[in-house]
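Participant:
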Amino acid sequence: MTEQKYTRQKVLQVREWVPGKLLSIKVSRPDNFKFKGGQYARLGLSNKIETDTEPSIWRAYSMVNGPDQTPLEFYSIVVPEGEFSPRLAALNPGDTIYIDNTVFGFLTADRFEPGGTLWMIATGTGLSAYLSMLNDPATWAAFDQIILIHGVRTKDELAYSEEIRQWQANSGTQALPATFVYLAIPTRESIPGVPQERITTLIENGELEKLAHCPLDPDRNKIMLCGNPEMLADARAILKKKGFAVGRRGNPGNLAVENYW
Ligand SMILES: Cc1cc2nc3c(=O)[nH]c(=O)nc-3n(C[C@H](O)[C@H](O)[C@H](O)COP(=O)(O)OP(=O)(O)OC[C@H]3O[C@@H](n4cnc5c(N)ncnc54)[C@H](O)[C@@H]3O)c2cc1C
Ligand SMILES: NC(=O)c1ccc[n+]([C@@H]2O[C@H](COP(=O)([O-])OP(=O)(O)OC[C@H]3O[C@@H](n4cnc5c(N)ncnc54)[C@H](OP(=O)(O)O)[C@@H]3O)[C@@H](O)[C@H]2O)c1
């Protein structure tokens, strides 16, 4: 008999951040499911959840939990016209979800030389890949400083901000050696003291460096971009002019990117 390429798992918990738009889901972790922070799983659902038939639709989801943490956790948008995400959002504890045995992805902290400053720049649910890295003590030990930038449409979409502020409070200690900066930037609502602008605008006009109190020196800084593919394309073009480039064979580079669609 051929071995299955996936396992059947159980939904343990669903948490809604923004009704109908953003949720997190905890799922039982398959045995021998190993990954690095920033990698993603392929989740599968069957056409008829109630009959537990085999999966017919699959989507990529970055892990939120750290490599040594159980259960698995995923953070998801609900695209109303999407095929997968509304069905994911309709799951309840006890329901079945499938997980491919293989993990994927190269947006991991170990792709860069250690030291210096690591910028984690996300729009929307692109945050999830960074949460997994931040849930891994190795990331905190590898860099002197970590700067997390989260661009969202509205304030209520700043999911996980309490957890992130806990890291902020405990950063620069033996447990979390790197210093940590967190900038939450909504574009369709204002937060006092935060410019209501897209991240790309703030990179281009130099404001992001000022807000983070860290010049974008390509020799000391490494940048990750994750989320909206248009943001990635625009940011890559701007950062290229500032001396940032994705690594090539044998050269780790100082830029890494992951498109979510
Ligand atoms: C490497 C990788 C990792 C991913 N990790 C995550 C994750 O951790 N969380 C997550 O929510 N999604 C993630 N995605 C996207 C996810 O795989 C699905 O595309 C998404 O959940 C929507 O599925 P769908 O079938 O409902 O719509 P789809 O048919 O897949 O997408 C329809 C449209 O919805 C929009 N869209 C898709 N995904 C997003 C998103 N995340 N945010 C905003 N708009 C979106 C795009 O316009 C897309 O064309 C990831 C994708 C990739 C390639
Ligand atoms: N279920 C619902 O009720 C509901 C409601 C709304 C949306 N949605 C779904 O959510 C999806 C959007 O998700 P999202 O808001 O997380 O993602 P998003 O559209 O990528 O927006 C997230 C952040 O990225 C910014 N951004 C977008 N394009 C950019 C670019 N080229 N350069 C720089 N920044 C850019 C946005 O700024 P701007 O604000 O300037 O665009 C916003 O600050 C829609 O496709 C829709 O399917 C669902």
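UniProt numbering puts the first residue of the sequence shown at 1, with every later residue one more than the last.
Just so it is clear, CB atoms sit at the ideal spot from N, CA and C, and this is done for glycine as well.
Which residues in the same chain as L22 place their Cβ atom closer than 8 angstroms to its Cβ, once the five residues preceding and following it in sequence are excluded?
Facilitator: E16, Y75, S76, I77, V78, T125, E157 and A159
Participant: Specify whether the region 163 to 179 and the region 188 to 206 touch according to this definition: at least 3 beta carbon pairs, one from each stretch, less than 8 angstroms apart.
Facilitator: no
Participant: Assuming S24 contacts V64 (C-beta within less than 8 angstroms), just tell me the rounded distance between them.
Facilitator: 7 angstroms
Participant: Tell me, to the nearest whole angstrom, how far the beta carbon of Q9 is from that of Y98; I am working on the premise that it is less than 8 angstroms.
Facilitator: 7 angstroms
Participant: By DSSP, does W140 sit in helix, in strand, or in coil?
Facilitator: helix
Participant: Starting from the N-terminal side, write out each stretch of the beta strand (DSSP E) that is 3 residues or longer and does not extend beyond the region 36 to 116.
Facilitator: Listed in chain order, the complete beta strand (DSSP E) runs (minimum 3 residues) inside the region 36 to 116 are 40 to 46, 55 to 62, 72 to 77 and 96 to 100.
Participant: Check whether the region 107 to 123 and the region 224 to 234 touch, using three or more Cβ-Cβ pairs below 8 angstroms as the test.
Facilitator: yes
Participant: Have a look at F104 and G37 and give me their C-alpha separation to the nearest angstrom.
Facilitator: 11 angstroms
Participant: Return the Cβ separation of L239 and I199 in integer angstroms, given the expectation that the two are a contact with Cβ distance under 8 angstroms.
Facilitator: So it is not a contact: roughly 11 angstroms between Cβ atoms.
Participant: Whose C-beta lies closer than 6 angstroms to the C-beta of S234 among residues of the same chain, with five residues either side of it excluded?
Facilitator: This sequence places Asp at residue 234; Ser is not what is there. Closer than 6 angstroms at the Cβ level, and outside the excluded window around D234, lie T200.
Participant: For L208, which residues from the same chain have a beta carbon less than 6 angstroms from its beta carbon, with the 5 sequence-adjacent residues on both sides left out?
Facilitator: L202
Participant: Below 8 angstroms on the Cβ atoms is my contact criterion, and I expect G111 with P252 to pass it. Report the Cβ-Cβ distance as a whole number of Å.
Facilitator: Sequence check: residue 111 is Arg here, not Gly. About 6 angstroms; that satisfies the 8 angstroms criterion.
Participant: What is the residue span of the alpha helix (DSSP H) that E16 lies within?
Facilitator: It is not in any alpha helix (DSSP H) - E16 instead sits in the beta strand (DSSP E) that spans Y6 to V18.
Participant: Find out if the Cβ-Cβ distance for the pair T53, S46 is shorter than 8 angstroms.
Facilitator: Their beta carbons are under 8 angstroms apart, which means T53 touches S46 by this criterion.
Participant: Which two residues bound the contiguous alpha helix (DSSP H) that contains Y130?
Facilitator: L127 to L134
Participant: Distance check for P137 and A178, CA to CA, integer angstroms please.
Facilitator: 10 angstroms
Participant: Give the straight-line distance between the Cα atoms of D100 and L148, rounded to the nearest whole angstrom.
Facilitator: Across the structure, D100 and L148 are spaced so that their CA atoms are roughly 29 angstroms apart.
Participant: Could you tell me which whole alpha helix (DSSP H) segments of length 4 or greater appear in the region 152 to 207?
Facilitator: 161 to 170 and 199 to 204
Participant: Whole angstroms is fine: what's the gap from Y6's alpha carbon to K242's?
Facilitator: Rounded to whole angstroms, Y6 to K242 spans 43 angstroms at the Cα level.
Participant: Cβ of L232 within 8 angstroms of Cβ of N205?
Facilitator: no
Participant: Quick one, are the C-beta atoms of P71 and L127 less than 8 angstroms apart?
Facilitator: no
Participant: If you count every other CB in all the chains shown that lies within 10 Å of the CB of N228, and 16 or more means buried, which is it?
Facilitator: buried
Participant: Does the Cβ-Cβ distance between A256 and V246 come in under 8 angstroms?
Facilitator: yes
Participant: Which residues mark the beginning and the end of the beta strand (DSSP E) in which R236 is found?
Facilitator: It is not in any beta strand (DSSP E) - R236 instead sits in the alpha helix (DSSP H) that spans P229 to K241.
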